[in-house]
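In our numbering, each residue's number is its place in the sequence shown (first place is 1) plus 1321.
For each residue, glycine too, the CB sits at the ideal point set by N, CA and C.
Below is one structure; the comments refer to it alone.
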Amino acid sequence: MFENTLKKMNTILKDVVYYTLDIHGEKHNMNSYIGKRIKISWSGSVICNCGKKMNAFYRKSGYCYKCYWESPLASKSIFKPELCTAHLGIEERDLEWEKKFQITPHYVYLANSSGIKVGITRGSQGVIRWMDQGAHQAILLAEVPNRRFSGDIEVSLKPFVADVTNWRKMLSGIPNPVDLIKMKEELSEHVPEKLKKYILPDNTVTEIRYPVIKYPTKIKSIKLENNSIVEGILLGIKGQYLLFDNDRVFNIRSHEGFISEFSIEEAYQGTLF
Ligand SMILES: [Zn+2]
């Protein structure tokens, strides 16, 4: 059912991030398309996780009306982990689901994508999360036993460091390197006393590079809602963005669930720049 929809690209940390896009039962090696002309055509329909097909998601949320209001996947604590209560046995929308999702190891990290930011991630998702955000450097700060504690640490660090990626800045080039070990030491002071025992002694810094031959200068974000065909020369991939010619960028993740066609013009002979 979801075979024909766009979804976020899979990433593997290699020399440069290795991207694959899974659509129509085919796994496309996206790195190999850089410099080539690709095309994404939207059918005009989207499909929610629950299987409901429609013309547009409710409030551009990625969910249908019912899931937006009822699914634990779309609850408030998904966006604000400091609201998580499953570890206290308190239900938000579906306690069984929330227990499985929240009561499992979580990590707080620092990453440099458009300047330094703090974020949280579940289990072993760290490196994947960093690649999805277009981070160039990252370090783990703490490992906690549930999502709420990671949210509490994140909130305690927000006065000192951003918690969102400035995507325009992230897509405009490579950020200045940051001494993440020093930042971790400084920020660790602000972690609440009762959570300090979760700070990780390991100071490994992960470095990440992306397959980009040209960064956009005046970024234009393109969306399938406005134009059902996206077509152009792929100049790079960073985070979950495809970078096209003419300074255009396309966030593939924000189009998850869009029923689409994907094609490559193998024999494109035009000039690149
Ligand atoms: Zn739904």
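- For Cys-1405, the closest alpha carbon among the candidates Ser-1549, Ile-1474, Lys-1374 is that of Ile-1474.
- Sequence-distant partners of Ile-1502 (beyond 5 residues in either direction) whose C-beta falls short of 6 Å from its own C-beta, in its chain, are Asn-1524.
- Per the Cβ contact rule, the region 1356–1372 is not in contact with the region 1424–1443 (fewer than 3 Cβ pairs under 8 Å).
- Look at Tyr-1339 here: in three-state DSSP terms it is strand.
- With contacts defined by Cβ atoms closer than 8 Å, Leu-1478 and Leu-1564 do not form a contacting pair.
- Under the 8 Å Cβ criterion, the region 1481–1496 does not count as touching the region 1412–1419, having fewer than three qualifying pairs.
- Contact between Ile-1558 and Met-1351 holds, since their C-beta atoms are separated by about 6 Å, short of 8 Å.
- Between Ile-1534 and Leu-1556, the gap from beta carbon to beta carbon is short of 8 Å.
- Listed in chain order, the alpha helix (DSSP H) elements of length 4 or more contained wholly in the region 1456–1496 are 1468–1478, 1488–1492.
- With fewer than 16 other CB atoms across the displayed protein chains lying within 10 angstroms of its CB, Ile-1333 is exposed.
- In the structure shown, Val-1570 adopts extended strand secondary structure according to DSSP, grouped into three states.
- One alpha carbon belongs to Phe-1583, the other to Gly-1383, and they sit about 20 Å apart.
- For Phe-1565, no alpha helix (DSSP H) segment is defined; the enclosing uninterrupted segment is the beta strand (DSSP E) at 1562–1565.
- Note on Leu-1409: under 16 other CB atoms within 10 angstroms of its CB, so exposed under the neighbour-count rule.
- Counting only the Cα atoms, Lys-1544 lies some 21 Å from Tyr-1389.
- Beta-bridge partners assigned by DSSP to His-1576: none are found.
- The continuous stretches of alpha helix (DSSP H) do not include Glu-1552, which lies in the beta strand (DSSP E) extending over residues 1550–1559.
- Leaving aside the five residues that flank Ser-1353 on each side, none in its chain has a CB nearer than 7 Å to its CB.
- By the beta-carbon neighbour count (other beta carbons within 10 angstroms, threshold 16), Pro-1513 is exposed.
- Taking all protein chains in view, the Cβ of Lys-1357 is surrounded by fewer than 16 other Cβ atoms within 10 Å, so the residue is classified as exposed.
- The three-state secondary structure of Ser-1434, taken from DSSP, is coil.
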